[in-house]
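Number of protein chains: 4
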Amino acid sequence: MTRVGIIGGTGYAGGELARILCTHPDVEIAAMTSRQNAGAKVQDVHTYLRGYVDLCFTEKISETDDLDLVFVATPHGVAMKEVPALLEKGIKAIDLSGDYRLHDVDVYSKWYGHEHTDVENLQKAVYGLPEFFRDEIKGADLVANPGCYATSVILACGPLLKSGLVGDDVIVDAKSGTSGAGMVPSQRLHHPTCGESVIPYSIGTHRHTPEIEMAVDRFAGSRSKVTFVPNLVPIVRGIISSCYFDLKGDVTQEEVDAVYEAQYGKERFVHYVPDPSIRAVVASNHAQTASRVIGRKAVAFGVIDNLVKGASGQAVQCMNLMLGLDEGTGLNLPGLGV
Amino acid sequence: MTRVGIIGGTGYAGGELARILCTHPDVEIAAMTSRQNAGAKVQDVHTYLRGYVDLCFTEKISETDDLDLVFVATPHGVAMKEVPALLEKGIKAIDLSGDYRLHDVDVYSKWYGHEHTDVENLQKAVYGLPEFFRDEIKGADLVANPGCYATSVILACGPLLKSGLVGDDVIVDAKSGTSGAGMVPSQRLHHPTCGESVIPYSIGTHRHTPEIEMAVDRFAGSRSKVTFVPNLVPIVRGIISSCYFDLKGDVTQEEVDAVYEAQYGKERFVHYVPDPSIRAVVASNHAQTASRVIGRKAVAFGVIDNLVKGASGQAVQCMNLMLGLDEGTGLNLPGLGV
Amino acid sequence: MTRVGIIGGTGYAGGELARILCTHPDVEIAAMTSRQNAGAKVQDVHTYLRGYVDLCFTEKISETDDLDLVFVATPHGVAMKEVPALLEKGIKAIDLSGDYRLHDVDVYSKWYGHEHTDVENLQKAVYGLPEFFRDEIKGADLVANPGCYATSVILACGPLLKSGLVGDDVIVDAKSGTSGAGMVPSQRLHHPTCGESVIPYSIGTHRHTPEIEMAVDRFAGSRSKVTFVPNLVPIVRGIISSCYFDLKGDVTQEEVDAVYEAQYGKERFVHYVPDPSIRAVVASNHAQTASRVIGRKAVAFGVIDNLVKGASGQAVQCMNLMLGLDEGTGLNLPGLGV
Amino acid sequence: MTRVGIIGGTGYAGGELARILCTHPDVEIAAMTSRQNAGAKVQDVHTYLRGYVDLCFTEKISETDDLDLVFVATPHGVAMKEVPALLEKGIKAIDLSGDYRLHDVDVYSKWYGHEHTDVENLQKAVYGLPEFFRDEIKGADLVANPGCYATSVILACGPLLKSGLVGDDVIVDAKSGTSGAGMVPSQRLHHPTCGESVIPYSIGTHRHTPEIEMAVDRFAGSRSKVTFVPNLVPIVRGIISSCYFDLKGDVTQEEVDAVYEAQYGKERFVHYVPDPSIRAVVASNHAQTASRVIGRKAVAFGVIDNLVKGASGQAVQCMNLMLGLDEGTGLNLPGLGV
C-alpha cells in the first residue's frame with residue numbers, strides 16, 4: 001500500500017480527497033493535517049467519512065508518517081512553502097492550489113499579488129491534465145493540479161484550438177456551483193445573496209485566466225486571448241463553461257464532431273456528447289464536452305463536477321499515473337444522473 | 001407627513017422597512033442609522049432602493065431629524081438601550097428585535113442570556129400582532145414586533161387554541177427560508193452547506209419558544225407546552241409552520257373550518273385557505289393559514305413571508321394602527337404567486 | 001377608469017398582468033379569459049390574488065365587457081387570430097406573444113414554423129420597448145411586447161451598438177429563471193432535472209434571435225450577427241444576459257460608461273450600475289445594465305425580472321404610454337433586494 | 001456472476017439500480033426493460049451510465065436472459081402482475097413498489113384503490129429493511145423494498161418504540177427532495193411551483209402511512225397511530241423525517257442515546273449521530289438518525305438519500321443478503337458531504 005498524506009484536510013478539496021481515497025484499493029491515507037482541527041477525528045469534522053477514515057488531524061505531517069506522496073490542498077501561497085521540503089525527502093507532491101500552475105514567475109506575481117518563492121520547482125512542475133499531458137505526468141515528482149474552471153475550459157477548447165478550425169480568440173462564459181468557492185463563508189456565498197441569483201464576478205480578472213491562456217497557447221501555437229467571465233449559480237456542485245470561437249471559413253458540424261471524437265474517443269473520463277449535463281457527471285470524475293457550429297461561430301461546452309474532475313478526482317487520476325497504477329483506479333464510478 | 005426613522009438600517013429588516021415605507025403615502029423616511037455604513041448613501045448599500053430612497057446612513061438619529069416614530073431593527077440587546085430615550089422624547093417606537101416581547105424578565109434573561117435593563121418599558125410594551133391585539137396596538141407608544149416564527153405559529157394556532165377544541169400541547173415543526181437568519185454570513189447559511197439540505201437547528205432551544213408559549217397561554221388560558229423545532233430550508237423568503245394538536249374528543253373538519261372562518265373571515269392580511277402556499281404570500285404582508293383534522297389529531301399551517309408579515313410589513317401594519325391610519329396603507333399588494 | 005381585458009389569463013404572464021393591474025389607480029380589469037378555467041374565480045386559480053381580483057374567467061371577451069384595451073397573453077400563433085377583431089372594434093391591443101414582433105413575414109414563418117395570417121397589422125405593430133421606442137408606442141394601437149430575453153439583451157447592447165464603439169457581431173450568453181418557460185410542466189422544467197443544473201438549450205435556434213437581430217440592426221445600422229445561447233438556471237424569476245463585443249480600436253471604460261449614462265441617466269426603470277443584481281430588480285419593473293472593457297472586448301449585462309420588465313410590467317408600461325398616463329403608473333415599486 | 005434484471009429501467013429507481021449495480025463485483029446486469037425506450041441503448045437514456053452499462057432496453061425480460069434475480073421498479077399495481085411468473089420460474093424478486101409491503105389485503109385495497117391480485121405471494125413477502133429484518137431477508141424469495149419515507153421514519157422511530165420509553169402515538173413531519181416523486185413531470189414538481197417553496201401534500205392520506213403503522217405495530221406491540229405529513233422541499237435528493245413522541249415519565253437524553261447506540265452501534269449503514277445531515281448521506285446507502293429529549297417530548301430524525309437507502313441502494317443491500325453475499329458489497333461508499 002502506498003502511503004499518502006493530505007496537507008489541508010479541512011477544506012472541501014481535502015475532504016473530497018479523503019472521500020475518494022478511502023475506497024482506493026492501492027493507497028492508504030496515512031496523515032491529514034489541519035491547523036484549525038488538529039487533534040480532532042477526521043470523521044467528526046467530515047461526518048460523511050464516518051466508518052471510512054479512522055484518523056485524527058495532525059498539525060503537520062511528520063517523518064513517522066512515512067509518506068510516499070502528498071496532496072497539498074491549501075490556499076494559494078502556502079503550497080510553495082511546503083513543497084520544497086517534500087521533494088527533498090523524495091516524497092512526490094500534487095498541489096491543488098495555483099502555486100505551481102504558471103511557469104512564468106512574472107505572470108504569477110502579477111495575478112497572485114506576491115512573489116513566487118520556489119522558482120526552481122515551478123519550472124519542473126507538470127500541469128496535471130491527463131487527457132493532454134499524460135506522459136509528462138507519469139514521470140513527474142510534482143504535479144500542479146489544474147483549477148476547476150481551467151479544467152472545464154481546456155477540455156472544451158483544446159480539440160478546436162488544436163484543429164486550426166478556429167481563431168485564437170476565445171470568449172469564456174463559465175457557470176460554477178458554490179462549492180467551487182471553498183468552505184469559508186462570505187457575503188457572496190451567503191444563501192440569501194446567491195440562492196436565487198446568478199452573479200458574474202472577477203470579470204476579466206479571475207486567476208484562472210492566465211492558466212487557461214497558457215494552455216491555449218500550447219494548443220494554438222500562438223499568443224491567444226482569453227476573455228473569461230465566471231458566474232456563480234445556485235447549485236452546490238458542477239461547472240459548465242461555454243466557450244465561443246470564430247470559425248476560420250466554412251466549417252461543418254461534422255468536421256467539428258470529428259475533431260472531438262478523435263481527441264476523446266478513447267478517453268475513459270472525458271466524453272463528447274450531444275447533450276452535456278451537469279447531473280450526468282456530478283459526484284464522478286467524468287467530464288462531458290459538446291460543440292456546436294452556429295453560423296460563423298462555434299460554441300464548445302465543458303462540464304465537470306468542480307470538486308472531482310475539477311479538483312480531487314483529477315488529483316487522484318494524476319496520482320495513479322505517477323504511481324504507475326491504472327489511471328482510473330478508485331475513480332471508476334458513474335455520475336449521479338439525478 | 002409623519003417622519004419616521006430606522007435604527008439599524010443595514011440589515012435585512014431595516015432594508016425591508018425602507019422598501020415598504022418608500023412608497024407609503026403618509027410617512028417619510030427621515031433618518032436611517034448604520035454603524036458600519038454611516039455616511040454612505042442608502043441606495044448604494046441597498047441597490048434595489050435606487051431612485052426610491054435619497055438619504056445617507058447616519059451614525060445615530062438626532063434631534064434635528066424631528067422624528068415621530070422610530071423602528072428599531074437591531075440585534076437583541078441593543079433596542080433596550082435605545083428605546084427609553086425615544087419614549088422620553090415622545091417618539092413612538094416599534095422594536096423588531098426580541099427585547100420587548102417577553103413580559104417576564106426572568107424568562108427574558110433565561111432565554112437571552114443577559115439581564116433586561118429596561119424593565120419599566122417592558123411592562124408597557126404591546127405585542128404587535130394586529131389580528132389578535134389590534135386595539136392595544138392602536139393606543140401603544142411601544143410595540144414589540146413579533147418574531148417571524150412566532151407570527152406564523154400564532155396565526156396558525158390561535159383560533160384552535162381559543163376554540164377549546166384542542167389540548168394545550170402544541171408540537172411545532174417550522175420551516176424557514178434563509179433570509180430569516182439575517183445578513184451575517186455563517187457556516188450554516190453558506191450556500192454549499194444549506195443549498196441542498198434541510199437543517200433542523202436550535203432543537204427545543206430557540207428563542208421564539210417562550211414568545212409562542214406566552215401567546216399560547218393567553219389564548220388557551222392555561223400553561224401550555226410548546227415543542228418547537230425550526231428547520232432551515234433552501235429558499236430565500238418564506239416560512240411555513242406546521243403545528244400539531246390533540247383533538248379533545250371527536251371534532252369534524254367543518255367545526256375546525258368554522259373556527260378559522262370566524263377568526264379570519266374579515267381580516268385583510270390573514271386568510272384561511274385550502275391550499276396554503278409560500279409563493280402566494282411572498283413579497284407581501286399576507287399570511288395564509290390552513291388546518292386539517294387527521295383522526296384524533298389536527299395540523300394547522302401558518303405561511304408568511306418572513307421579512308414582510310414576519311418582520312417589516314407587520315411593523316408597518318402596527319405603525320399604521322399607532323398613527324390612526326388605515327391599517328393596510330402602503331401594504332395593499334398581493335403576493336408574487338410565481 | 002379605463003377598462004382592460006386579458007386574453008389568456010391562466011398563464012404566468014396573464015396572472016402577472018392581473019397582479020400588477022389590480023393595484024393600478026387608473027384602470028380596471030374588466031375581463032380575463034381562460035379556456036381551461038372558464039367559469040372559475042380568478043382568485044381560486046391565482047390564489048395570490050385573493051382579495052384583489054373579484055372576477056371569474058370567461059371563455060371569451062364579449063361586447064358587454066366594453067373594453068378599451070386588451071392584453072393578449074396567449075401562446076404564439078393565437079394572438080394573430082384575436083388581434084384583427086379587437087382593432088376593428090377600436091380596442092387597443094398589446095400582444096405579449098411573438099406574433100407581432102418580426103416585421104418580415106418570411107423571417108416569422110422561418111422561425112415560428114407557420115405562416116403569418118395578419119400581415120396587415122404586423123406592419124403597423126410597434127415594438128414595445130419604451131426606453132428606445134417611446135414616441136412610437138404613445139401613438140400605437142397595437143404594441144408587440146418584447147420577449148423576455150430580447151428585453152434584457154437589447155437594454156444591455158443598445159447603447160454600445162448605437163455608439164459605434166463596437167463591431168456588429170454580438171455573442172449573447174443568457175441565463176434565465178424557470179418561470180420564463182411558462183406554466184406547462186415538461187421534462188426540462190421538472191425539478192429533479194433542472195434543480196441542480198444549468199442547461200443550455202435551443203443553441204443558436206431560439207426564436208428571440210431574429211427579434212434581437214432586428215433591434216440590433218436598427219441600432220447598429222447594419223446587418224449584424226447575433227449568436228444567442230440561452231441557459232436555464234435553477235432560480236424562479238430573473239434573467240441576466242451577458243453580451244460580448246469586439247471593441248473597435250482602443251476604448252476606455254470611461255467612454256463606455258459615458259455611453260450608458262447618456263442613454264439611461266434619465267430613465268426611471270433602466271439603470272446603469274457597477275454591480276448588476278437579479279435580486280435588486282426581482283418583483284419590479286426595473287432593469288439594471290452594466291458594461292466592462294476587458295482588453296479588446298467588452299461585455300455588457302442586462303438584468304430583469306422576466307415576468308415584469310420581461311413581460312407583464314413592460315406591457316403595463318406600454319399601456320400607460322398608449323393611454324396618455326404617466327409611464328410609471330402602477331409600476332413605481334423597488335425590487336425585493338433579498 | 002449472478003445475473004440480475006431490472007423491470008422498469010427508465011424511471012429514477014431503475015436508473016439508480018443500474019448506477020449501483022454496474023460497479024458491483026458479483027452481479028451482472030443482464031436485462032433492463034422499458035416500454036417507452038425498448039430498443040434504445042441504456043446509456044443513451046441514462047447518459048450518466050455511458051461506459052458503464054452496455055445494454056439495450058428490451059420490452060420484456062425473456063427466458064434467454066437466464067436471470068437469477070429481478071428488481072421490479074414499476075408503478076404500483078404492475079409488480080403484482082410480474083412477480084408470480086418470476087417466482088414460479090425460481091427467480092428471486094425484489095419489488096421496489098408498494099405492491100407487497102402491506103400484508104393485509106384490505107388495507108392494501110383501501111390505500112391503493114384497487115384489489116390485490118397476488119394474495120398468496122403477498123403473505124410470503126419479506127419487508128426489506130435489513131437493520132430490523134435481516135434474517136428474514138436472507139431466506140426470502142420475494143422482498144418488498146420499503147418506501148423512501150417509511151425507511152427514514154422506521155429507522156428514526158424503531159429504537160424508541162421498541163424501548164418502551166415513548167407512547168405509541170407518533171407524529172411524523174417529513175421533508176423530501178423532489179426526486180422522490182419520480183420522473184414524470186407534474187404541476188407540483190414544475191420548478192417555478194416548487195423551486196422556492198415548501199409544499200405539504202397528501203396530508204394524512206399518504207400511502208406510506210399504513211406501511212409505517214405496520215412497522216410501528218411490530219415494534220411497539222400495539223395498535224399505534226401515525227400522523228404523517230410529507231412535505232416537498234426544493235432539493236433533488238434526500239429525506240429528513242422528524243418524528244415526535246410523548247415520553248412515558250421522566251426520560252433522560254442519556255437513556256435515549258443508549259437505546260439508539262444499542263440498536264445501531266454495529267450497523268454499517270445506519271448511524272446515530274449528534275448532527276444529522278442530508279449532505280452527509282447523499283449519494284450513499286448510509287442513513288443517519290438522531291434523537292433529542294425536549295421536556296416531556298422526544299423528537300427523532302431519520303435522514304437518507306431517498307434514491308439510495310430509500311430505494312435502490314437498500315434493494316441492493318437486500319439482494320446481497322438474499323444471495324449470501326456480504327451485505328455491503330457494492331455499497332461501501334461514503335456520502336458526498338458537500
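Residue numbers (the working numbering), protein chains in the order written: chain H, 1 to 338; chain L, 1 to 338; chain D, 1 to 338; chain X, 1 to 338. Just so you know, even glycine gets a beta-carbon here, dropped at the ideal spot from N, CA and C.
Apart from the five residues on each side of it in sequence, which residues of its chain come closer than 8 Å, Cβ to Cβ, to V83(L)?
Result list for V83(L): V72, A93, D95, D99, Y100, D118, N121 and L142, in chain order.
What did DSSP end up calling G15(H) once you bin it into helix, strand or coil?
In the structure shown, G15(H) sits in a helix (DSSP, three-state: H, G or I).
Which term fits A40(H), buried or exposed, when burial requires 16 or more other beta carbons within 10 angstroms of its beta carbon?
Exposed is the call here.
Please report the residue range of the beta strand (DSSP E) in which H271(D) lies.
First-last of the beta strand (DSSP E) with H271(D): V270 to Y272.
With a floor of 3 residues, list each beta strand (DSSP E) that falls wholly inside the region 112 to 158 of chain D, ordered by position along the chain.
Taking only runs of at least 3 residues, the beta strand (DSSP E) segments lying wholly in the region 112 to 158 of chain D are 142 to 144.
Looking at A140(X) and M395(X), is the spacing between their C-beta atoms short of 9 Å?
Residue 395(X) lies beyond the stretch modelled for chain X, which goes from 1 to 338, so this question has no answer here.
Under 8 Å: do the region 161 to 177 of chain X and the region 229 to 239 of chain X share three or more Cβ pairs, one atom per stretch?
The answer is yes - the region 229 to 239 of chain X touches the region 161 to 177 of chain X, with three or more Cβ pairs under 8 Å.
Hey, how far is the Cα of R207(X) from the Cα of W111(X)?
Those two C-alpha atoms are separated by around 6 Å.
Could you tell me which residues DSSP puts in a beta bridge with Y244(X)?
Bridge partners of Y244(X): I171(X) and V299(X).
I'd like to know if M214(H) contacts chain L, where contact means its C-beta is closer than 9 Å to some C-beta of that chain.
No, its Cβ sits nowhere closer than 9 Å to a Cβ of chain L.
What residue range does the beta strand (DSSP E) around G5(X) cover?
Element bounds for G5(X): T2 to I7.
Considering just the uninterrupted stretch of the alpha helix (DSSP H) at I29(H), what are its terminal residues?
Careful: I29(H) lies outside any alpha helix (DSSP H), inside the beta strand (DSSP E) at V27 to T33.
If you measure from the beta carbon of D173(H) to each beta carbon in chain D, is any gap under 9 Å?
It does: the Cβ of D173(H) has a partner Cβ on chain D nearer than 9 Å.
Taking only beta-carbon positions, decide if V236(H) is within less than 9 Å of chain L.
Taking Cβ atoms only, chain L reaches closer than 9 Å to V236(H), which makes this a yes.
Listing by chain order, which chain L residues have their CB less than 8 Å from the CB of L189(H)?
The answer, in chain order, is P185, H190, H191 and P192.
State the CB to CB distance for the pair G335(H) and H271(H), rounded to an integer number of angstroms; the pair is presumed to be in contact (CB under 8 Å).
Their Cβ separation, rounded to whole angstroms, is 11 Å, which puts G335(H) and H271(H) out of contact at 8 Å.
In this structure, what does DSSP give as the bridge partners for P230(L)?
Bridge partners of P230(L): A174(L).
Measuring only between beta-carbons, confirm whether T178(X) sits less than 9 Å from chain D.
Cβ-Cβ to chain D under 9 Å: yes for T178(X).
Check whether the region 179 to 189 of chain H touches the region 256 to 266 of chain H, taking contact to mean three or more Cβ pairs, one atom from each stretch, closer than 8 Å.
No, because fewer than three Cβ pairs between the region 179 to 189 of chain H and the region 256 to 266 of chain H fall closer than 8 Å, the two stretches do not touch.
Kindly indicate which three-state DSSP category H190(L) falls into: helix, strand or coil?
Note: H190(L) maps to strand in three-state DSSP.
Taking the CB atoms as reference points, tell me whether G302(X) and Q288(X) lie closer together than 9 Å.
In this structure, Q288(X) lies closer than 9 Å to G302(X) by Cβ.
Just checking: is the beta-carbon of E261(H) within a distance shorter than 9 Å of some beta-carbon in chain L?
No, no contact with chain L.
For the putative contact between V308(D) and A283(D), defined by C-beta atoms under 8 Å, what is the C-beta separation to the nearest angstrom?
Indeed, because the Cβ distance is near 7 Å, the residues count as touching under 8 Å.
Measuring straight from C-alpha to C-alpha, what distance separates G15(H) and A290(X)?
Those two C-alpha atoms are separated by around 23 Å.
Express the C-alpha separation of E211(D) and E131(D) in angstroms, rounding to a whole number.
Looking at the two C-alpha atoms, the distance is approximately 16 Å.
Against chain X, does N306(L) count as a neighbour if the rule is that its beta carbon must be under 9 Å from one of theirs?
Chain X, which has no Cβ nearer than 9 Å to the Cβ of N306(L), makes this no.
Which one of N332(D), L325(D), A315(D) and V166(D) has the shortest CA to CA distance from L293(D)?
Residue identity differs from the one stated: residue 293(D) is Val in this sequence, not Leu. Answer by Cα proximity: V166(D).
In chain order, which continuous runs of the beta strand (DSSP E) of length 3 or greater are located wholly inside the region 83 to 109 of chain D?
With a minimum length of 3 residues, the continuous beta strand (DSSP E) runs that stay inside the region 83 to 109 of chain D are 92 to 95.
Of the residues D54(D), Y201(D), V153(D) and G337(D), which one's Cα is nearest the Cα of A300(D)?
Closest option to A300(D), Cα to Cα, is V153(D).
Could you tell me the alpha carbon to alpha carbon distance between F269(L) and T10(L), rounded to whole angstroms?
Whole-angstrom Cα-Cα distance: 27 Å.
Just list the residues that DSSP pairs V166(L) with in beta bridges.
For V166(L), which the question treats as bridged, DSSP gives the partners L247(L).
Give every residue of the same chain whose Cβ lies closer than 6 Å to the Cβ of Y340(X), excluding the five residues on either side of it in the sequence, and list them in chain order.
Past the edges of chain X, shown from 1 to 338, lies residue 340(X), and the structure says nothing about it.
State yes or no: is the C-beta of A150(H) within less than 9 Å of the C-beta of A215(H)?
Yes, the pair counts as a contact, with Cβ atoms nearer than the cut-off.
Do I240(D) and P274(H) have their CB atoms nearer than 9 Å?
Not in contact: I240(D) and P274(H) (Cβ atoms no closer than 9 Å).
Just curious, the beta strand (DSSP E) that L69(H) is in, first and last residue?
Residues L69 to V72.
Given a cut-off of 9 Å, decide if I235(H) and V251(D) are closer than it, judged by their beta-carbon atoms.
Not in contact: V251(D) and I235(H) (Cβ atoms no closer than 9 Å).
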